[in-house]
Amino acid sequence: MASNEASEREERLKSALWYQIGQFVDEEAAEKQFNATPQFIGALTELVYTQIANSARDLEVFSKHAGRKVINADDVMLLTRRNEALESILKQELDQMRAAEGQGESGQAQGQAKKRGRPAGRGKGKGKAKQ
Numbered sequence: 118m119a120s121n122e123a124s125e126r127e128e129r130l131k132s133a134l135w136y137q138i139g140q141f142v143d144e145e146a147a148e149k150q151f152n153a154t155p156q157f158i159g160a161l162t163e164l165v166y167t168q169i170a171n172s173a174r175d176l177e178v179f180s181k182h183a184g185r186k187v188i189n190a191d192d193v194m195l196l197t198r199r200n201e202a203l204e205s206i207l208k209q210e211l212d213q214m215r216a217a218e219g220q221g222e223s224g225q226a227q228g229q230a231k232k233r234g235r236p237a238g239r240g241k242g243k244g245k246a247k248q
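Our numbering puts the first residue of the sequence shown at 118, with every later residue one more than the last.
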């Protein structure tokens, strides 16, 4: 049942993506005076959907590799490393956002040092006897 629900959700997402891409292509076609077939729009939709799915998987892997459960801006910047133009645009936007929030380049609030090492806790370390 969960698989059926997931496939229905995926189909709804693809339908919404197809609609939006169709709208965009129609606008561009009217402006630049060319025709786009429904097969072209369908193929473009599949291409975009596959790229989105691959990017999502990559972002999840980057986050897990860093030991986090949440994707953050560092993961997105890592994803853009092979597209210099996109990386530059996103870096500028990220710097502006961080400046507006009062953070420096490293993403830490100014005046705060980045914490390093393991968090303090009551783990089973050497020399700790079980009680």
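Using N, Cα and C, we set each Cβ at its ideal position, and we do this for glycine too.
Separation of alanine 217 from phenylalanine 141, as counted between CA atoms: Mapped onto the sequence shown, residue 141 falls at position 24. Mapped onto the sequence shown, residue 217 falls at position 100. The alpha-carbon atoms of phenylalanine 141 and alanine 217 are separated by roughly 32 Å.
Separation of serine 132 from serine 124, as counted between CA atoms: Here residue 124 refers to the residue found at position 7 when the sequence shown is read from its first residue. Here residue 132 refers to the residue found at position 15 when the sequence shown is read from its first residue. Computed Cα separation, rounded: 12 Å.
Contacts around leucine 161, its chain only, beta-carbon distance under 6 Å, and the 5 residues preceding and following it disregarded: For the purposes of this step, residue 161 is identified with residue 44 of the sequence shown, where counting begins at 1. Taken in chain order, the residues that qualify are Ile138.
contact_flag[the region 191-206, the region 176-183] where n(CB pairs < 8 Å) is 3 or more: Contact between the region 191-206 and the region 176-183 is established, with three or more Cβ pairs separated by less than 8 Å.
Contact under 8 Å by Cβ, leucine 211 with valine 165: Sequence index remark: in the sequence shown, residue 211 carries index 94 (1-based). Sequence index remark: in the sequence shown, residue 165 carries index 48 (1-based). Not closer than 8 Å, so no.
Continuous alpha helix (DSSP H) assignments of at least 4 residues falling wholly in the region 153-192: Counting whole runs of 4 or more residues, the region 153-192 contains the alpha helix (DSSP H) stretches 155-182.
Segment limits, alpha helix (DSSP H) that includes phenylalanine 141: Counting from one through the sequence shown, the residue named residue 141 turns up at place 24. Looking at the DSSP string, the run of the alpha helix (DSSP H) that includes phenylalanine 141 is 119-149.
First through last residue of the alpha helix (DSSP H) which encompasses arginine 198: Taking the sequence shown and counting its residues from 1, the one referred to as residue 198 is at position 81. No alpha helix (DSSP H) contains arginine 198, which DSSP labels as neither H nor E.
Distance, lysine 186 Cα to histidine 213 Cα: Mapped onto the sequence shown, residue 213 falls at position 96. Mapped onto the sequence shown, residue 186 falls at position 69. One detail in the question is off: residue 213 reads as glutamine in this sequence, not histidine. Between glutamine 213 and lysine 186, the C-alpha separation is close to 25 Å.
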